[in-house]
Amino acid sequence: MRLYGYAGKILRINLSKKSYAVEPLKDSLIKHFIGGRGFGIKILWDELPANIDPLSPENKIVVSVGPLTGTKVQSASRWVAQFKSPLTGIYCRSVGGGYFGAELKFAGYDAIIVEGKAEKPTYIWIHDDNVEFRDASKVWGLTTLFTRDIILDETDKRAKMIMIGPAGERLVKISAIVTDDWRTAGRGGGGAVMGSKGLKAIVVRGSKRPEIYDDQTLSDAVNEQIKAYREWPAVPPADFRRLGTNTGTYVWYFMGNFPTYNFQQREWDGIERFRPEILESYIIGHKGCYACAMQCGKIFKITNGPYGGIAWDFPELETEWSFGGIVGVNNIEAITYANMLCDLYGLDTISTGVAIAFAVELCEKSIIDKTETDGLELNWGKPEIVVELVRRIALRIGNLGNLLAEGVRRAAEIIGRGSERYAMHIKGLEMPAYDPRAMKGQGLGLVTGTIGASHAISWNKFEILGVPKKADPLAIEGKAELTKYVQDEMAVCETAVFCKLIVNHDVVNPVFYSRVLYSATGIEEFKDPKYLWKVGERIWNLERLFNVREGIDGKYDILPERFLKEPHPRNPAKGQIFELEPLLKDYYRVRGWDEQGIPTKEKLAELEIP
Ligand code: SF4
-19 MRLYGYAGKI LRINLSKKSY AVEPLKDSLI KHFIGGRGFG IKILWDELPA
31 NIDPLSPENK IVVSVGPLTG TKVQSASRWV AQFKSPLTGI YCRSVGGGYF
81 GAELKFAGYD AIIVEGKAEK PTYIWIHDDN VEFRDASKVW GLTTLFTRDI
131 ILDETDKRAK MIMIGPAGER LVKISAIVTD DWRTAGRGGG GAVMGSKGLK
181 AIVVRGSKRP EIYDDQTLSD AVNEQIKAYR EWPAVPPADF RRLGTNTGTY
231 VWYFMGNFPT YNFQQREWDG IERFRPEILE SYIIGHKGCY ACAMQCGKIF
281 KITNGPYGGI AWDFPELETE WSFGGIVGVN NIEAITYANM LCDLYGLDTI
331 STGVAIAFAV ELCEKSIIDK TETDGLELNW GKPEIVVELV RRIALRIGNL
381 GNLLAEGVRR AAEIIGRGSE RYAMHIKGLE MPAYDPRAMK GQGLGLVTGT
431 IGASHAISWN KFEILGVPKK ADPLAIEGKA ELTKYVQDEM AVCETAVFCK
481 LIVNHDVVNP VFYSRVLYSA TGIEEFKDPK YLWKVGERIW NLERLFNVRE
531 GIDGKYDILP ERFLKEPHPR NPAKGQIFEL EPLLKDYYRV RGWDEQGIPT
581 KEKLAELEIP
């Protein structure tokens, strides 16, 4: 079969043997899983034995792209890293942006599978059909900025790369995989998986371009997409293209999200520092990912105060929260600085901020004191503590740095003394900037997320933005159906690989997905949105099955008791708790799973999962 849209090849790399093989992309894999996240979960499901140590050579990293990657379709050139997570012990998918995904396709591959463990620090240099194992000793121990510059000097300045910083090398469980332009795949500890393999970076350069089945139809769809983007205020009256995710920061707080003080949610006048016009005053430039007219990335310039002298990628909404609201810090300069350190050391900003907030609350509750914090005085609203702890976590400095480097679930297990009540995570993955008490559908998505507490994987646009239609965030009726819808939709998006920020746009809808996927590939089945949704549901169920194989069933669909017992203290969610039982029961019914939350034989047969 002649392939359009795809490169048609998977590159399998074995670090232990210093060998590689090029495998053809199978027709059945394409039809059943489309690309990106679909390819990754199918490969991990088939190839990873149950109960392996995520930091052992047995773990694998699949980095995959989709049939729209490297094409002119807007916001569709992201890449997906998938592995068994050392942070959660279950399946993980972590998505990054920039130009790496497109370059991988140009080099002629739809996915890379990395296996084994290198004898000494290594980076992989892929230039079209040539694959080299290169000595990374020179850059081992260096931050991502120095690593990038040295490796691009040694290879090709036009190459694109993913890499780890010192945090990944030190097996920090909340470490990230970082691109040459800081469009990070942060969640789940992918940096530590690369570090455990002695893999510092994957560098690619390609000269091929994907062939398109129907270029005219694809161009027409893309032109409509760009026109609609230009007219799109994601959160009126702010402008997403002008401010990026900063658009939502101030608004989130007044929805009952942007949780303060480790989800204690006390009123916080510090939110006034996050008004769009204040954030905008820091912006000196715009950037983004391959083929995306949105260019939502912003460059912040900090000139004054102790963090002055830097110009760096803006902290996303989630980072403004994780180094801001959750730790009571309203100093945007310090937040930007902490964000820069995370990019340089290779840390997930969400998990890092939640880990710091956990430690501060333990001090507030007198569960730990200065003898366990290496002398640091931990209090809310201290920017210098946040910046210092980012460094200590990344480099595993001292008792506290080492503890928090394990993530909050493991840190609470080690500390004991009731500390687990303040560890804000689901299935080991730290919570994002959403409060399940304030948005019941979003909360249900977090509880049932196949990677743990990920906002992205179940982003409930019905509740958050009121698109494609408005849903009352505090109601529980009908939320199981909406949660399933957004979860399956995001799984479809991440096969292409579309950006999650774009699924809120009404031009990017089921008809659009089928139109661009069909015109790019010519695959008849992709014409039908219902077929695509079935693929999304298949991916979600297979991810769930992966976790069931690891011993994770409905017993683990739980969340911190704060959400179940402490009523939300702020309007508009004042007095609300999260109604776990009825929501979950309804969700299992809608999913066609049994009472233990396990997909039934009938459901698996319907989805053609063997
Ligand atoms: Fe990248 Fe932003 Fe475009 Fe998403 S919307 S693809 S993050 S530039």
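Oh and the sequence shown: position 578 is 558 in the numbering used here, straight run, nothing missing.
From the three backbone atoms N, C-alpha and C, an ideal C-beta is built for every residue, glycine too.
Rounded to the nearest angstrom, what separates residue 217 and residue 458 at their Cα positions?
Residue mapping note: residue 217 aligns to position 237 of the sequence shown, counting from 1. Residue mapping note: residue 458 aligns to position 478 of the sequence shown, counting from 1. Caution applies to residue 217, whose pLDDT of 49 falls short of 50 and renders its modelled position unreliable; the model cannot decide the point.
How about residue 390 and residue 460: do their beta carbons lie closer than 9 Å?
For this step, residue 390 is matched to residue 410 along the sequence shown. For this step, residue 460 is matched to residue 480 along the sequence shown. Going by C-beta atoms, residue 390 is not nearer than 9 Å to residue 460.
Quick one: residues in its chain with C-beta nearer than 7 Å to the C-beta of residue 123, no 5 flanking neighbours on either side, listed in chain order?
For the purposes of this step, residue 123 is identified with residue 143 of the sequence shown, where counting begins at 1. For residue 123, where only same-chain residues beyond five positions count, the Cβ hits under 7 Å are 145, 146, 324 and 325.
Using the Cβ count rule (16 or more neighbours within 10 Å means buried), how would you classify residue 286?
Numbered from 1 along the sequence shown, position 306 holds the residue referred to as residue 286. Per the 10 Å Cβ criterion, exposed.
Who are the Cβ neighbours of residue 341 in its own chain at under 7 Å, not counting the five residues just before and after it?
Position 361 of the sequence shown, counting from 1, holds the residue named residue 341. Here the set comprises 242 and 402.
On the criterion of 16 or more Cβ atoms from any shown chain inside 10 Å, does residue 1 qualify as buried, or is it exposed?
Here residue 1 corresponds to residue number 21 of the sequence shown, with the count starting at 1. Exposed, by the Cβ-count rule.
Any residue with its Cβ nearer than 5 Å to a heavy atom of the ligand SF4 should be included. What is that list in chain order?
Residues flagged by the Cβ proximity filter: 55, 77, 268, 269, 272, 274, 276, 479 and 481.
Between the beta-carbon of residue 78 and the beta-carbon of residue 327, is there less than 9 Å?
As a working note, residue 78 is residue 98 in the sequence shown. As a working note, residue 327 is residue 347 in the sequence shown. For residue 78 and residue 327, no; Cβs fall outside 9 Å.
Starting from residue 53 and walking both ways along the alpha helix (DSSP H), at which residues does that stretch end?
Walking along the sequence shown from the start, residue 53 turns up at place 73. It is not in any alpha helix (DSSP H) - residue 53 carries neither H nor E in the DSSP assignment.
Go through the segment 345 to 393 residue by residue and report every complete run of the alpha helix (DSSP H) that reaches 4 residues or more, in order.
Runs found: 363 to 375 and 378 to 384.
So, for residue 358: in the same chain, excluding its five sequence neighbours on each side, which residues have a beta-carbon less than 7 Å away from its beta-carbon?
One-based indexing of the sequence shown puts residue 358 at position 378. Same-chain partners within the cutoff: 339, 340, 343 and 365.
Are there 16 or more other CB atoms within 10 angstroms of the CB of residue 464, so buried, or fewer, so exposed?
For the purposes of this step, residue 464 is taken as the residue at position 484 of the sequence shown. Buried, because 16 or more other Cβ atoms sit within 10 Å of the Cβ of residue 464.
Would you mind sorting residue 446 into buried or exposed? The rule is 16 or more other CB atoms within 10 Å of its CB.
In the sequence shown, counting from the first residue as 1, residue 446 sits at position 466. Exposed, by the Cβ-count rule.
Quick check: the segment 474 to 491 against the segment 432 to 441, are at least 3 beta-carbon pairs closer than 8 Å?
They touch, by the three-pair rule.
Could you tell me how far apart the beta carbons of residue 266 and residue 277 are, in whole angstroms, since I believe they sit closer than 8 Å?
Residue mapping note: residue 266 aligns to position 286 of the sequence shown, counting from 1. Residue mapping note: residue 277 aligns to position 297 of the sequence shown, counting from 1. So it is a contact: roughly 7 Å between Cβ atoms.
Alpha carbon to alpha carbon, how far is residue 84 from residue 410? Give it in angstroms, no decimals.
Here residue 410 corresponds to residue number 430 of the sequence shown, with the count starting at 1. Here residue 84 corresponds to residue number 104 of the sequence shown, with the count starting at 1. Distance between the alpha carbons of residue 410 and residue 84 is about 30 Å.
Assess contact between the segment 155 to 162 and the segment 97 to 106, defined as three or more Cβ pairs (one per stretch) separated by less than 8 Å. Is contact present?
Segments in contact, no.
Measuring alpha carbon to alpha carbon, tell me which of 398, 501 and 369 ends up nearest residue 303.
As a position in the sequence shown, residue 303 is number 323, starting the count at 1. Answer by Cα proximity: 369.
Does the segment 64 to 75 come within contact of the segment 22 to 39, defined as at least 3 CB pairs closer than 8 Å?
Contact between the segment 64 to 75 and the segment 22 to 39 is present, because at least three Cβ pairs lie under 8 Å.
For a quick check, are the C-beta atoms of residue 184 and residue 140 less than 9 Å apart?
Stepping through the sequence shown from its first residue, residue 184 is reached at position 204. Stepping through the sequence shown from its first residue, residue 140 is reached at position 160. Yes, the pair counts as a contact, with Cβ atoms nearer than the cut-off.
Exposed or buried, which one is residue 562 when buried takes at least 16 other CB atoms within 10 Å?
Residue numbering aside, residue 562 sits at position 582 when the sequence shown is read from its first letter. That one is exposed.
Here's a check: name, in chain order, each residue in its chain whose Cβ is nearer than 7 Å to the Cβ of residue 506, leaving out the five neighbours to either side.
For the purposes of this step, residue 506 is taken as the residue at position 526 of the sequence shown. Contacts found: 494, 497, 498 and 512.
So is residue 234 buried or exposed if we call it buried at 16+ other beta carbons inside 10 Å?
As a working mapping, residue 234 is identified with position 254 in the sequence shown. Exposed: under 16 other Cβ atoms inside 10 Å.
Ignoring anything shorter than 4 residues, give me the alpha helix (DSSP H) runs that lie fully in the segment 162 to 250, in order along the chain.
As far as the segment 162 to 250 is concerned, its whole alpha helix (DSSP H) runs of at least 4 residues are 170 to 176, 195 to 210, 220 to 223 and 226 to 234.
Taking Cβ to Cβ, would you say residue 129 is nearer than 9 Å to residue 107?
Taking the sequence shown and counting its residues from 1, the one referred to as residue 129 is at position 149. Taking the sequence shown and counting its residues from 1, the one referred to as residue 107 is at position 127. No, the Cβ-Cβ distance between residue 129 and residue 107 is not below 9 Å.
Within 10 Å of its beta-carbon, does residue 284 have 16 or more other beta-carbons around it, so buried, or fewer, so exposed?
For the purposes of this step, residue 284 is taken as the residue at position 304 of the sequence shown. Its Cβ having fewer than 16 others within 10 Å, residue 284 is exposed.
Determine the closest residue to residue 294 out of 271, 224 and 186, with distance taken between C-alpha atoms.
Start at 1 with the first residue of the sequence shown, and residue 294 comes out as number 314. For residue 294, the nearest C-alpha among the options comes from 224.
In terms of alpha-carbon separation, which member of 20, 321 and 187 lies closest to residue 162?
Here residue 162 refers to the residue found at position 182 of the sequence shown. The residue with the shortest Cα to Cα distance from residue 162 is 321.
Does DSSP classify residue 405 as helix, strand or coil?
By 1-based counting over the sequence shown, the position of residue 405 is 425. Residue 405 falls in the strand class under three-state DSSP.
For the structure I just gave you, are there three or more beta carbon pairs, one from the segment 298 to 312 and one from the segment 109 to 121, closer than 8 Å?
Contact fails: fewer than three Cβ-Cβ distances are below 8 Å.
Suppose contacts are defined by Cβ-Cβ distances below 9 Å. Is residue 60 in contact with residue 474 by that definition?
By 1-based counting over the sequence shown, the position of residue 60 is 80. By 1-based counting over the sequence shown, the position of residue 474 is 494. It is a contact, given that the beta carbons lie within the stated cut-off.
Grouping DSSP H, G and I as helix and E and B as strand, with all else coil, what is residue 564?
Translated into positions along the sequence shown, residue 564 becomes position 584. DSSP places residue 564 in helix when its eight states are reduced to three.
Could you check which residue in 579, 557, 290 and 559 has the C-alpha nearest to that of residue 529?
Position 549 of the sequence shown holds residue 529. Cα-wise, what sits closest to residue 529 is 579.
Less than 9 Å between the beta carbons of residue 334 and residue 13, yes or no?
Within the sequence shown, numbered from 1, the residue matching residue 334 stands at position 354. Within the sequence shown, numbered from 1, the residue matching residue 13 stands at position 33. Contact: no.
Which value, in whole angstroms, describes the spacing of the CA atoms of residue 132 and residue 120?
For the purposes of this step, residue 132 is identified with residue 152 of the sequence shown, where counting begins at 1. For the purposes of this step, residue 120 is identified with residue 140 of the sequence shown, where counting begins at 1. Cα to Cα, residue 132 sits roughly 15 Å from residue 120.
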